[in-house]
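Q: Encoded as structure tokens, here's the structure I'll be asking about.
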Amino acid sequence: MSLINLPGLIDPHVHLRDPGQTEKEDFYAGTCAAIAGGYTTIIDMPNNKFPITTLERLEEKISIAKRKIACDVGFYFGSAGDNLDEFEKAKDKVLGLKLYLNQTTGNLLIFKNLLEKTFYAWSKSCSKPILVHAEDKSVEDLINIVKKINTPTHFCHISLKSELKMIIDAKEKGIPVTCGVTPHHLFLTEKDVKILGPFGQMKPPLSSKKDQDFLWKYLRYIDVVESDHAPHTIDEKRGKGTVFGVPGLETTLPLLLTAVSENRLIFDDIIRLCHTNPSKIFGIKTDSQTKIEIDLQKSYIINRKSLFTKCGWSPFEGWKLKGKVKRVFIRGEKVFEDEKILAMLGSGETIMNT
Ligand code: NCD
Ligand code: ZN
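Residue numbering for the sequence shown follows the numbering used here, starting at 54 and increasing by one per position.
Okay, here's the thing in structure tokens:
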């Protein structure tokens with residue numbers, strides 16, 4: 054067995070659906086999936102059934118999380134541009150503000166005419182980042198706003214060559230932008246939708262091989278790999294009307310480790326993309342006793358039966374991967390070993406950054 058240690062990974066983009074849609078996922082199952090996937094800290098998105106746009110809803114969510122989480126969890130605040138008075142009250146309890154410029158799961162959508170005002174209000178209240186779900190042309194509009202307001206802005210799940218080009222250009226001009234890519238955009242393309250059907254539907258959609266090649270080629274400009282763990286039940290996926298999103302917490306690191314075994318990546322890339330940069334961008338303190346042990350030689354096939362996520366499926370089902378999480382430690386406490394969760398319900402910490 055060939056074991057290596059990595060720092061506990063940080064995933065800044067997950068949807069744990071709690072409260073409101075716990076048939077899809079909940080704080081306990083979702084944080085167990087995180088641990089099994091090598092993550093010790095995750096940050097939860099605000100597009101719950103009742104979006105997290107008021108201090109009251111945020112506090113309710115945090116108190117539910119405290120009772121259920123098995124790893125550390127931070128939160129984002131949401132806005133449709135109509136809750137600017139809440140920013141000052143919520144800012145110390147979250148790690149950033151999330152804005153949705155394109156329609157996706159939930160009803161948190163911000164109209165373009167409210168963007169500038171919202172950016173300005175958040176940047177007045179704190180220096181924490183604004184995260185944006187912006188596809189295609191929206192990226193350009195936003196870069197112009199970031200240039201003007203000069204507040205750190207993270208572009209979630211970049212998937213197109215044209216988007217990454219705009220971000221590279223903005224970075225080179227010194228505009229404070231960062232960006233993330235998802236494992237599904239790195240490892241699947243639009244061709245896979247034919248095979249996966251609804252299980253390959255997410256926002257942004259899977260892109261072309263040309264787009265994907267560009268992401269890999271310019272990986273040095275990408276700051277973060279974010280799973281965008283967005284579980285929906287199998288019935289919802291198969292049912293009438295599309296629900297967008299795929300789970301990813303348990304497959305992201307194994308996919309990246311497999312890429313290392315194929316010489317497409319090096320370990321330092323994984324540390325940079327899944328630990329150092331997310332820690333810096335979202336202000337997460339790290340602890341040397343929070344770490345994971347990986348068995349590099351272990352090959353196995355992704356099987357839904359061994360997943361901890363409540364949704365119980367993966368777009369990577371049947372994939373043969375190499376490299377598996379063997380043990381996970383949080384603050385020196387062993388929380389996972391050989392496919393078993395050892396963490397207690399509620400043993401994770403909620404992250405507040407003042
Ligand atoms: C996400 C979800 O289901 O919450 N869906 C998705 O397709 N990615 C929302 C999002 O991140 O867009
Ligand atoms: Zn998302």
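Note that CB positions come from ideal geometry on N, CA and C, so glycine has one too.
All figures in this text were calculated on a predicted structure; none of them were measured in a lab.
Could you check whether the stretch 106-113 touches the stretch 374-382, counting it as contact only if at least three pairs of C-beta atoms, one from each stretch, sit closer than 8 Å?
A: At 8 Å Cβ cutoff, the stretches do not touch.
Q: Please output, in chain order, the residues near the ligand ZN using a CB cut-off of less than 6 Å to any non-hydrogen atom of the ligand.
A: Qualifying residues, in the order they occur: His66, His68, Met98, Asp281 and Ala283.
Q: Any heavy atom of the ligand NCD within a distance shorter than 8 Å of the CB on Val234?
A: As a working note, residue 234 is residue 181 in the sequence shown. Answer for Val234: no, Cβ out of range of the ligand NCD.
Q: Report all residues from its chain with a CB closer than 8 Å to the CB of His186; omit the five preceding and five following residues, and keep chain order.
A: Residue numbering aside, residue 186 sits at position 133 when the sequence shown is read from its first letter. Lys151, Leu152, Tyr153, Leu154, Asn155, Thr157, Cys209, His210 and Lys256.
Q: Nearer than 8 Å: is that true of the beta carbon of Val296 relative to any heavy atom of the ligand NCD?
A: Taking the first residue of the sequence shown as position 1, residue 296 is located at position 243. The answer is yes for Val296.
Q: Under the DSSP definition of a beta bridge, which residues are partnered with Val230?
A: On the sequence shown, position 177 is the one that residue 230 refers to. DSSP lists Thr206 as partners of Val230.
Q: I need the straight-line Cα distance from Arg325 to Lys363, nearest angstrom please.
A: If you number the sequence shown from 1, residue 325 lands on position 272. If you number the sequence shown from 1, residue 363 lands on position 310. Cα-Cα distance, rounded: 29 Å.
Q: Any heavy atom of the ligand NCD within a distance shorter than 8 Å of the CB on Val299?
A: Residue numbering aside, residue 299 sits at position 246 when the sequence shown is read from its first letter. It does: the Cβ of Val299 is within 8 Å (strictly closer) of some heavy atom of the ligand NCD.
Q: For Met397, is the beta carbon positioned less than 8 Å from some heavy atom of the ligand NCD?
A: On the sequence shown, residue 397 is found 344 positions in, with the first residue counted as 1. No, Cβ of Met397 sits at least 8 Å from all heavy atoms of the ligand NCD.
Q: Assign Ser178 to one of three DSSP states: helix, strand, or coil.
A: In the sequence shown, residue 178 corresponds to position 125, counting from 1. In the structure shown, Ser178 sits in a helix (DSSP, three-state: H, G or I).
Q: From this set, Val378, Gln350 and Phe369, which residue's C-alpha is nearest Met54's C-alpha?
A: Reading the sequence shown from its first residue, position 1 is the one you call residue 54. For the residues Val378, Gln350 and Phe369, the minimum Cα distance to Met54 belongs to Gln350.
Q: Of all the options Glu112, Tyr129 and Gly91, which has the alpha carbon lying nearest to the alpha carbon of Phe335?
A: Numbered from 1 along the sequence shown, position 282 holds the residue referred to as residue 335. Residue Tyr129 is the option with its Cα nearest to Phe335.
Q: Considering only the alpha carbon of each residue, which of Lys218, Lys181, Leu213 and Ser191 lies closest to Thr206?
A: If you number the sequence shown from 1, residue 206 lands on position 153. With distances taken between Cα atoms, Thr206 lies closest to Lys181.
Q: Is DSSP giving Arg384 helix, strand or coil here?
A: Here residue 384 corresponds to residue number 331 of the sequence shown, with the count starting at 1. Here Arg384 sits in coil by DSSP.
Q: Around the Cβ of Thr295, are there at least 16 other Cβ atoms within 10 angstroms (buried) or fewer (exposed)?
A: Taking the sequence shown and counting its residues from 1, the one referred to as residue 295 is at position 242. When all chains shown are included, Thr295 counts as exposed.
Q: Is Asn58 near the ligand NCD, with its Cβ less than 8 Å from a heavy atom?
A: Numbered from 1 along the sequence shown, position 5 holds the residue referred to as residue 58. Not under cutoff, so the answer is no.
Q: By DSSP, does Phe130 sit in helix, in strand, or in coil?
A: Here residue 130 refers to the residue found at position 77 when the sequence shown is read from its first residue. Phe130 falls in the strand class under three-state DSSP.
Q: For Asp145, count neighbouring Cβ atoms within 10 angstroms of its own Cβ and tell me buried if that reaches 16, exposed if not.
A: In the sequence shown, residue 145 corresponds to position 92, counting from 1. Exposed, by the Cβ-count rule.
Q: May I have the straight-line CA-CA distance separating Ser417 from Leu239, to the nearest angstrom?
A: The requested residue 417 is not part of the displayed model; the chain covers only 54 to 407.
Q: Can you grab the Cα-Cα spacing for the pair Thr343 / Pro60, in whole Å?
A: Position 290 of the sequence shown, counted from the first residue, corresponds to residue 343. Position 7 of the sequence shown, counted from the first residue, corresponds to residue 60. Cα to Cα, the separation comes out at about 6 Å.
Q: Give me the DSSP bridge partner(s) of Asn58.
A: On the sequence shown, residue 58 is found 5 positions in, with the first residue counted as 1. Answer is Glu346, bridged to Asn58.
Q: Using the C-alpha atoms, what's the distance from Pro236 back to Val299?
A: In the sequence shown, residue 299 corresponds to position 246, counting from 1. In the sequence shown, residue 236 corresponds to position 183, counting from 1. Each residue's alpha carbon lies about 11 Å from the other.
Q: With C-beta atoms as the reference, is Met397 less than 9 Å away from Ala123?
A: Here residue 397 refers to the residue found at position 344 when the sequence shown is read from its first residue. Here residue 123 refers to the residue found at position 70 when the sequence shown is read from its first residue. Taking 9 Å as the Cβ cut-off, Met397 and Ala123 qualify as a contacting pair.
Q: Verify the contact flag: Lys256, CB atom, against every heavy atom of the ligand NCD, threshold strictly below 8 Å.
A: The count along the sequence shown starts at 1 and reaches residue 256 at position 203. It does: the Cβ of Lys256 is within 8 Å (strictly closer) of some heavy atom of the ligand NCD.
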